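Quick note: the sequence shown uses our numbering, first residue 1, plus one each step.
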Amino acid sequence: MYHLIFVVKIKNNMRVCILGAGLSSITLAKALVNQNIYVDVLFHKKTIELNQTRTLGISKSNVKYFNSSIIDINKILWKLKKIKIFSDNLKNEKIIKFESQHDYLFSIIRNYELYKIIKKSLKNDKYFKEIHSLRNNFSDYYNLVINTDSNNFISKKLFSKKIVKKYNSFAYTTIINHKKIPNNTAYQIFTTRGPLAFLPISATETSVVYSVHNSNHEKKKIISDLIKKYNFKYQIQKIKKIEKFELKSLFLRSYYHNNILAFGDLLHKVHPLAGQGFNMTIRDLIILIDIIKNKISLGLPLDKSVNQEFERKLKHKNLIFSNGIDFVHEFFNLERKIHSNFLSKSIQILGKNSSINKFFTKVADKGIII
Ligand SMILES: Cc1cc2nc3c(=O)[nH]c(=O)nc-3n(C[C@H](O)[C@H](O)[C@H](O)COP(=O)(O)OP(=O)(O)OC[C@H]3O[C@@H](n4cnc5c(N)ncnc54)[C@H](O)[C@@H]3O)c2cc1C
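In structure tokens form, the structure reads like this:
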């Protein structure tokens with residue numbers, strides 16, 4: 001009985017501060033307030049305007065976790081049953097196909113819709129507070145400080161050691177409006193200029209992510225012409241505003257400093273060709289919440305030991321996974337440079353093997369399971 005009272009007391013006194021207010025930050029804030037932990041989120045003074053053309057592919061197992069432990073996102077999802085991959089070098093022959101007969105593989109969601117529903121649910125939560133400045137002794141005041149903002153003074157001081165790779169590429173994102181079709185298949189084409197993905201978000205809209213090599217000075221008109229050239233399915237009515245993002249991968253050498261933990265894209269950034277950046281963050285979040293729940297159930301306070309355990313459990317898996325995505329990028333990049341279809345042909349043969357196909361599908365859904 002005494003033990004029970006003690007546990008509840010500790011749980012109600014836990015305070016976490018999250019620095020930065022992007023998707024990773026507010027998703028984690030929601031997961032923490034669901035555990036009755038007080039969360040202060042440090043917002044920038046200027047309001048965040050989320051890009052309207054950005055979408056996220058979220059894996060099936062991560063959607064399940066979202067719905068059961070963070071917030072129900074079913075009504076803003078568009079479910080995909082198939083993913084088909086092509087290469088310019090194979091003259092439009094399909095390289096590999098991932099398919100779910102009875103269920104779905106992946107879901108597509110608009111970033112700003114996800115942001116909006118999480119933000120709305122946090123607004124009236126008694127455990128949540130939006131703050132605009134940090135108190136002097138903030139790292140002593142909070143049990144844990146979780147940093148998601150790569151531009152703040154803490155990142156510059158404590159999280160500057162990282163492995164960075166610039167791809168000399170830019171990702172162009174947009175949404176195309178088209179005639180109504182059954183739109184449950186995503187397409188990825190490894191074009192001679194880089195990977196181009198068509199990701200359906202409704203029966204009449206499909207989001208496009210085109211990662212183009214050496215395109216720093218490329219005019220957006222050229223990009224929209226390339227999208228039209230490679231489009232073989234949609235009767236396009238309109239191509240919305242095209243946005244541009246520089247592409248790099250990043251891996252932080254140290255995940256934490258005392259009770260301050262790095263999180264989200266600050267911790268790891270990957271090439272968007274596999275749609276895995278935010279999925280990696282959800283997998284990190286699942287582990288972090290698990291560690292925190294365990295500590296609380298044992299009546300232990302949240303302190304730097306949470307960060308130590310988080311790094312120990314995840315760093316090696318995240319490194320293998322990030323390197324795997326980089327390998328896929330380099331693989332098709334090499335083929336692009338040597339103008340051969342030998343590599344695509346080998347994938348085509350491997351992909352027909354159902355065990356290998358299942359293995360890739362599982363890794364994309366759940367990450368590395370060791
Ligand atoms: C083209 C592209 C496609 C992608 N597709 C996928 C996908 O399909 N699936 C997937 O899982 N991942 C995908 N990703 C990765 C995913 O978008 C990121 O992992 C995720 O958005 C990172 O969120 P974050 O909060 O960690 O970082 P950020 O969004 O960079 O936020 C970090 C910090 O920046 C600040 N900030 C962010 N936006 C603004 C703003 N507009 N104004 C002011 N401050 C701001 C925030 O306050 C925060 O402090 C993709 C990435 C790119 C570039």
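Where a beta carbon is used, it is the ideal one built from N, C-alpha and C, also for glycine. Just so we're clear, the structure is a prediction, and the values are computed from it rather than from any experiment.
Assigned with DSSP and collapsed to three states, Lys240 falls in coil, not helix or strand. Per the Cβ contact rule, the segment 166–184 is in contact with the segment 204–212 (3 or more Cβ pairs under 8 Å). Here DSSP, grouped into helix, strand and coil, assigns Arg283 to helix. The C-alpha of Leu273 is placed about 16 Å away from the C-alpha of Asp88.
Separation of Ser61 and Ser69 (C-alpha to C-alpha, rounded to the nearest whole angstrom) is 12 Å.
Cβ-Cβ distances below 8 Å link Lys119 to Ile26 in the same chain, with the five nearest sequence neighbours on each side left out; the list follows chain order. Secondary structure of Ile201 (DSSP, three-state): coil.
Per the coordinates, the alpha-carbon of Lys352 lies some 20 Å from the alpha-carbon of Tyr104. At least one heavy atom of ligand 1 lies less than 8 Å from the C-beta of Asn111.
Asn137 counts as exposed, since fewer than 16 other beta carbons sit within 10 angstroms of its beta carbon. DSSP places His217 outside both helix and strand once states are collapsed to three, so it counts as coil. For Ala29, the enclosing alpha helix (DSSP H) stretches over residues Leu23 to Val33. The segment 31–42 makes contact with the segment 117–134; the number of CB pairs closer than 8 Å reaches 3 or more.
Looking at Ile71, Leu77, Glu99 and Asn74, the one whose alpha-carbon comes closest to that of Ile83 is Glu99.
Asn111: member of the alpha helix (DSSP H) spanning Asn111 to Lys123, first to last residue. Measuring C-alpha to C-alpha distances from Gln276 to each of Trp78, Asp365 and Ser139 identifies Asp365 as the nearest.
The beta carbon of His257 lies closer than 7 Å to those of Leu158 in the same chain, with the five residues before and after it left out. Annotation: the continuous beta strand (DSSP E) that includes Val39 extends over Tyr38 to Leu42.
In the structure shown, Arg312 adopts helical secondary structure according to DSSP, grouped into three states. Checking the 8 Å criterion, the Cβ of Val306 is out of range of every heavy atom belonging to ligand 1. Not a single heavy atom of ligand 1 lies less than 8 Å from the C-beta of Ala29. Under the 10 Å beta carbon count, His316 is surrounded by fewer than 16 other beta carbons and is classified as exposed.
Cα atoms of Val328 and Asp140: separation of roughly 43 Å, rounded to the nearest angstrom. According to DSSP, Arg15 shares a beta bridge with Tyr38.
Beta-bridge annotation (DSSP): Glu99 is paired with Lys82.
Distance from the CA of Glu311 to the CA of Ala262, rounded to the nearest whole angstrom, comes to 10 Å.
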